[in-house]
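In our numbering, the protein residues as written are -16 to 353. For each residue, glycine too, the CB sits at the ideal point set by N, CA and C. Only one structure is covered here, and it is reproduced in the block below.
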């Protein structure tokens, strides 16, 4: 019991180190590491992003000679191949670490237990599974992408207390508070891409960028369109963020914009194209038709509904193009609630979509997206 509590204490610190860089390391995972010698922390570090030293190396360098005979706590299995940085397994062996405590194995096809095997063959004791659930949750998009071949999908809906996402005219600024909007910018910074329908671009003219928070990179903007008709000066075609228009038809797009011609334009096929381009996570921001078709596909992982204390009486509903019965099961499992200024955010998880079987057999057939 005491050993377990000790391992969890140091692993919790390693997870906190990793969380500080959440959203900054893609396509690499977020990782933290701690070197402990005789009950004292002598080195610690986190991975800062592709091209930077991995967490284990940072922690080992800080520990120096004190790493010899010490324990290394790391939130993800050390990698074992030459990429943009040398293998961490070699650094661990050279430092003289006697024991490695790992939260979870790395699902990357070039690691997947190989790092642990190499360490054990070198005579280093390896303990696995300490705070594994927390470590997987920290890198949920990375795990889903490498375990199923599909991106992690978050659906974010902002609505009034009586269930409208916009006025009858389509005007939707601002449904929620500044605190909620800041949270959304944080979400954007943590995702590889943002997906909206063309109608949202025409009516709201959003920038779809991460602002108001520190953003290590800007997400790719994915715009669904059948007509390829957009306002010439739409904000999504400006700025440094990459923009991709997805359509079933060929045609001109603004300069600097990429066109993906996908037929049929259903959500599963779109996600497969995203995965082939290395996009590990997608944030779906609307509108109502897109929300309906994405949720109906079953290929989403988390649904976040932000409710503002406002009443419209009439307007545009949250969901269009999809009807369910009150007898149907709940859409997802409530994970938590958060207070964002005057607003309430409800977090739901789809218990099926993150499994490998769900990627092969979604709950219902994919429908065309607008």
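Item                                                                                                                                                                          : Value
Unbroken alpha helix (DSSP H) runs of length 4 or more, entirely within the segment 104 to 140: which are they?                                                               : 115 to 121, 123 to 131
Can you look up residue 231 in the DSSP assignment and give me helix, strand or coil?                                                                                         : coil
Rounded to whole angstroms, what's the CA-CA distance from residue 26 to residue 88? Just pull it up for me.                                                                  : 22 angstroms
Classify residue 170 as buried or exposed, calling it buried when 16 or more other Cβ atoms lie within 10 Å of its own Cβ.                                                    : buried
For residue 120, does the count of other Cβ atoms within 10 angstroms reach 16, so buried, or fall short, so exposed?                                                         : exposed
DSSP has residue 15 in a bridge; who is on the other side?                                                                                                                    : 29
Which of helix, strand or coil does DSSP assign to residue 219?                                                                                                               : helix
Give the secondary structure of residue 282 by DSSP, where H, G and I count as helix, E and B as strand, and everything else as coil.                                         : coil
On the DSSP letters alone, give me the boundaries of the beta strand (DSSP E) that residue 322 sits inside.                                                                   : 316 to 323
Quick one: measure Cβ to Cβ for residue 289 and residue 141, integer angstroms, because I've assumed they're closer than 8 angstroms.                                         : 5 angstroms
Pick helix, strand or coil for residue 269, following the three-state DSSP scheme.                                                                                            : strand
To test your reading of the DSSP string, which unbroken alpha helix (DSSP H) runs of 4 or more residues are found completely within the segment 141 to 222?                   : 161 to 173, 181 to 187
Does DSSP classify residue 330 as helix, strand or coil?                                                                                                                      : strand
With distances taken between CB atoms, is the gap from residue 207 to residue 180 smaller than 7 angstroms?                                                                   : yes
Please state whether the Cβ-Cβ distance between residue 263 and residue 187 is less than 7 angstroms.                                                                         : no
Please determine, among 152, 299, 212, the residue with the shortest C-alpha to C-alpha distance to residue 233.                                                              : 212
For residue 282, count neighbouring C-beta atoms within 10 Å of its own C-beta (all shown protein chains included) and say buried if the count is 16 or more, exposed if not. : buried
I'd like to confirm the pairing. Which residues does DSSP put opposite residue -11 in its beta bridges?                                                                       : Its beta-bridge partners do not exist; DSSP assigns none.
Quick one, are the C-beta atoms of residue 217 and residue 201 less than 7 angstroms apart?                                                                                   : no
Measure the C-alpha to C-alpha separation of residue 235 and residue 190 and round it to an integer number of angstroms.                                                      : 21 angstroms
Report yes if the C-beta distance between residue 99 and residue 113 is below 7 angstroms; otherwise report no.                                                               : no
Could you check which residue in 53, 33, 15, 22 has the C-alpha nearest to that of residue 39?                                                                                : 15
Classify residue 90: buried if its beta carbon has 16 or more other beta carbons within 10 angstroms, exposed otherwise.                                                      : buried
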